Structures are given as C-alpha cells and as structure tokens.
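Enquirer:
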Amino acid sequence: MGSPQGEACRRDDEDPLHSVTITRPFYMQQTEVTQGDWHR
Numbered sequence: 010m011g012s013p014q015g016e017a018c019r020r021d022d023e024d025p026l027h028s029v030t031i032t033r034p035f036y037m038q039q040t041e042v043t044q045g046d047w048h049r
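Residue 19 in the numbering used here sits at position 10 of the sequence shown; the count goes up by one each step and never skips.
(1) Can you tell me which of the three DSSP states aspartate 46 falls into?
(2) Less than 8 Å between the C-beta atoms of proline 9 and leucine 26, yes or no?
(3) Have a look at Ser28, Gly11, Thr30 and Val29 and flag the residue whose alpha-carbon is nearest the alpha-carbon of aspartate 21.
(4) Out of curiosity, what's the CA-to-CA distance linking glutamine 43 and arginine 49?
(5) What's the C-alpha gap between glutamate 16 and aspartate 46?
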C-alpha cells in the first residue's frame, strides 16, 4: 500500500510504502462502480 518514491503524481500521504494483509472477506467487481451505482 502506498506508492514508491519517485512515482509520477505521488502525494505525500502515500508514504511509507508497506505491505497490507486483508483479514476479512470483501467483494470485488470486474468493472468500475459509478457514484450513481454506489448511492443506490
């Protein structure tokens, strides 16, 4: 998570680059979710 030093468009709050372990189930969709979809 985060982004490496020197990456284009990198923001200061994306530091430090680190590993994350997801410990709970989550949903993933094959396509983008629009704001309209999210608010339904």
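Note that the Cβ used here is the ideal one computed from N, Cα and C, for glycine as well.
Predicted model, so just to flag it, every value in this text is computed and none were measured.
Expert: Answer, in terms of the structure:
(1) helix
(2) Limits of the chain in this structure are 10 at one end and 49 at the other, which puts residue 9 out of reach.
(3) Gly11
(4) A small correction: the amino acid at residue 43 is threonine; glutamine does not occupy that position in the sequence shown. The straight-line gap from Cα to Cα measures roughly 10 Å.
(5) 31 Å
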